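Engineer:
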Amino acid sequence: MTSACRKIAAPNLAEPPNATWSNGLVIGNEVVLSGMTARGGDGRAMGGASVEGQMLAVLDKIQGLVEAAGGGAHNIYKLVVYVTDIGRKDEVNAARAAFFRPHYPCSTLVEVSGLVFPDLLVEVDAFANLAADLRA
Amino acid sequence: MTSACRKIAAPNLAEPPNATWSNGLVIGNEVVLSGMTARGGDGRAMGGASVEGQMLAVLDKIQGLVEAAGGGAHNIYKLVVYVTDIGRKDEVNAARAAFFRPHYPCSTLVEVSGLVFPDLLVEVDAFANLAADLRA
Amino acid sequence: MTSACRKIAAPNLAEPPNATWSNGLVIGNEVVLSGMTARGGDGRAMGGASVEGQMLAVLDKIQGLVEAAGGGAHNIYKLVVYVTDIGRKDEVNAARAAFFRPHYPCSTLVEVSGLVFPDLLVEVDAFANLAADLRA
């Protein structure tokens, strides 16, 4: 009765050698992910000072992990979006529209007082299930 | 092996035409919801400046969505409650007691620095499962 | 088709008589928990002013609840870590390493503006599944 539980390794999203977390796990059909940010391999935020740009970079990372699990963007059924400035929520909307239209996952959006690095403007916790298809 | 994935439409909780999220989805037995606030159809916060009042309005919305999925309040097994003033946590307790007593879901409570509109005092991320009955 | 839904009672983690939440529930194989803090039975934070110390106390509580559900630390597949000072994230890493090495759950980390009591430095929302084994 034990579900397979395996780590996801996305080609362009290495975990640092001293990471104390897993980027992604697959448990049964559920794709479990860590909160993702736009931090790139060089330590700089992809998307620069744009919330929309950072969020699109984050969604690309998330898509890469879900694909590494054998699925695709259409399996993403929920986001929890943490921003550092809720006044820029229109940029969150723009990124969600660009990435998901017309099949939108559920989404929660709150402003937090800080993310793991000062240049990060948004972090996204995503939930996906390989047996769910939002296009259906 | 694809789980049914369908959108929930609650009669009194329309998504705005330009919404970049889904209010609710059902995946298998799991009812997946977006974070809900007390914002009413007229753009004003139901419950006014009362955390308890807003939270009861939010829980009513959530119940409506779970009912639209074919369940009820007894299927709600977890809340994540985001408030803008943790000093008013007694009002959160009062609302949970009024709504759920005596069968309480799990609940997480944190203070965030902002919600999507300035008059909102609380947002609730709720989790429900049609096959789980907290009264059992 | 109703999944068993039962409350978890950990011997050393009583719910206060007026609690408006459940510490833990088991729904099928899923262990559902409330956000946990280092607050002890005497009302003081275990681990004092150390983020690492508080987080280890929190992880001990979580382990106790998962064990009360019939599982163990190896069933914990995700954490959402809320800290009040993101500048102390190295202490979060240290606690995760001490507790989980070498099998790490996914983990999300954000800074919030407040937790339920002023001496609390960290709250952890943990997710576990009795059918998932991160050692596998």
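Protein chains in written order, with our numbering: chain A, 1429 to 1564; chain B, 1429 to 1564; chain C, 1429 to 1564.
Heads up, the beta-carbon is just placed ideally off N, CA and C, and yes, glycines get one too.
Because the structure is a prediction, the values reported are computed rather than measured.
With a cut-off of 8 Å, do at least 3 Cβ pairs link the stretch 1542-1553 of chain A to the stretch 1503-1518 of chain A?
Structural biologist: yes
Engineer: Going by CA-CA distance only, name the one from Ala1556(B), Gly1456(B), Pro1439(B) that's closest to Thr1501(B).
Structural biologist: First, the residue type needs correcting, since residue 1501(B) is Ala and not Thr in the sequence shown. Comparing Cα-Cα distances from Ala1501(B) to each of Ala1556(B), Gly1456(B), Pro1439(B), the minimum goes to Ala1556(B).
Engineer: Quick one: what does DSSP say Arg1467(B) is sitting in, helix, strand or coil?
Structural biologist: strand
Engineer: Quick check on Asn1440(A): does DSSP put it in helix, strand or coil?
Structural biologist: coil
Engineer: Bridge partners of Lys1506(A), per DSSP?
Structural biologist: Cys1534(A), Phe1555(A)
Engineer: Is there at least one Cβ from chain C nearer than 9 Å to Tyr1510(A)'s Cβ?
Structural biologist: yes
Engineer: DSSP beta-bridge partners for Ile1514(B)?
Structural biologist: Beta-bridge pairing links Ile1514(B) to no other residue.
Engineer: So if I threshold CB-CB distances at 9 Å, which residues from the stretch 1471-1491 of chain B count as touching chain C?
Structural biologist: none
Engineer: Is Ser1535(C) closer than 9 Å to Trp1449(A) when the C-beta atoms are compared?
Structural biologist: yes
Engineer: Using only alpha-carbon positions, find the residue among Ala1522(A), Leu1461(A), Lys1517(A) that is nearest to Ala1438(A).
Structural biologist: Leu1461(A)
Engineer: Cys1433(C) and Leu1562(B) - do their beta-carbons sit closer together than 9 Å?
Structural biologist: yes
Engineer: On the DSSP bridge assignment, give the partners of Leu1461(B) in chain order.
Structural biologist: Gly1452(B)
Engineer: Would you report the Cα separation of Glu1443(B) and Arg1524(B), rounded to the nearest angstrom?
Structural biologist: 26 Å
Engineer: What does the Cβ neighbour count give for Asn1503(C), buried or exposed, with the cut at 16 atoms within 10 Å?
Structural biologist: buried
Engineer: So Gly1475(B) packs on Gln1482(B), CB below 8 Å; how close in whole Å?
Structural biologist: 4 Å
Engineer: Please report the straight-line C-alpha distance between Ala1496(C) and Ile1436(C), rounded to a whole angstrom.
Structural biologist: 6 Å
Engineer: How would you write the range of the alpha helix (DSSP H) that Met1483(B) sits in, first residue to last?
Structural biologist: 1479-1496
Engineer: For Pro1445(A), count neighbouring Cβ atoms within 10 angstroms of its own Cβ and tell me buried if that reaches 16, exposed if not.
Structural biologist: With fewer than 16 other Cβ atoms within 10 Å, it is exposed.
Engineer: Measure the alpha-carbon distance for Lys1506(B) versus Gly1469(A) and round it to whole angstroms.
Structural biologist: In this structure, the straight-line span from the alpha carbon of Lys1506(B) to that of Gly1469(A) is close to 36 Å.
Engineer: Relative to chain A, which residues along the stretch 1524-1539 of chain C have a C-beta separation below 8 Å, given in chain order?
Structural biologist: Of all residues in the stretch 1524-1539 of chain C, the ones placed with a Cβ closer than 8 Å to any Cβ belonging to chain A are Arg1524, Ala1525, Phe1528, Arg1529, Tyr1532, Pro1533, Cys1534, Ser1535, Thr1536, Leu1537, Val1538, Glu1539, in chain order.
Engineer: Quick test of your reading: Leu1441(A) and Leu1493(A), contact by CB under 8 Å. State the CB separation rounded to the nearest angstrom.
Structural biologist: Right, the Cβ-Cβ distance comes to about 7 Å (below 8 Å), so this counts as a contact.
Engineer: Quick one: what's got a C-beta closer than 6 Å to Ala1466(B)'s C-beta in the same chain, skipping five residues either side?
Structural biologist: Ala1473, Met1474, Gly1475, Gln1482, Ala1485, Val1486
Engineer: Does DSSP put Ala1432(C) in a helix, a strand or coil?
Structural biologist: coil
Engineer: Whose Cβ in chain B lies nearer than 7 Å to the Cβ of Gly1542(C)?
Structural biologist: Ile1514, Glu1539
Engineer: When you compare the CB positions of Val1540(A) and Val1538(C), do they come within less than 9 Å of one another, or not?
Structural biologist: yes
Engineer: If Ile1490(C) and Ala1554(C) are in contact, beta carbons under 8 Å, what's the gap, nearest whole angstrom?
Structural biologist: 5 Å
Engineer: How big is the Cα-Cα spacing for Val1459(C) and Val1508(B)?
Structural biologist: 16 Å
Engineer: Give the residues of chain C in contact with Glu1551(A), contact being defined as C-beta atoms less than 8 Å apart.
Structural biologist: Thr1536, Val1538
Engineer: Is the beta carbon of Arg1516(C) closer than 9 Å to that of Val1479(C)?
Structural biologist: It is a contact, given that the beta carbons lie within the stated cut-off.
Engineer: Between the alpha carbons of His1531(B) and Ala1477(A), how many angstroms are there, rounded?
Structural biologist: Here the C-alpha atom of His1531(B) lies approximately 46 Å from the C-alpha atom of Ala1477(A).
Engineer: What residues in its chain sit with their C-beta under 7 Å from that of Pro1533(A), if we drop five residues either side in the sequence?
Structural biologist: Ile1504, Tyr1505, Lys1506, Leu1507, Leu1562
Engineer: For chain B, is any of its Cβ atoms less than 9 Å away from the one on Gly1498(C)?
Structural biologist: no
Engineer: Let me see if you follow: with CB-CB separation under 9 Å, is Ala1438(B) close to chain A or not?
Structural biologist: no
Engineer: By DSSP's criteria, Glu1519(B) is part of a beta bridge. Which residues make up the other side?
Structural biologist: Per DSSP, none; premise fails for Glu1519(B).
Engineer: Starting from the Cα of Phe1527(B), find the closest Cα among Leu1543(B), Asp1488(B), Ala1560(B) and give me that residue.
Structural biologist: Nearest C-alpha to Phe1527(B): Asp1488(B).
Engineer: So what does DSSP say about Ala1526(C), is it helix, strand or coil?
Structural biologist: helix
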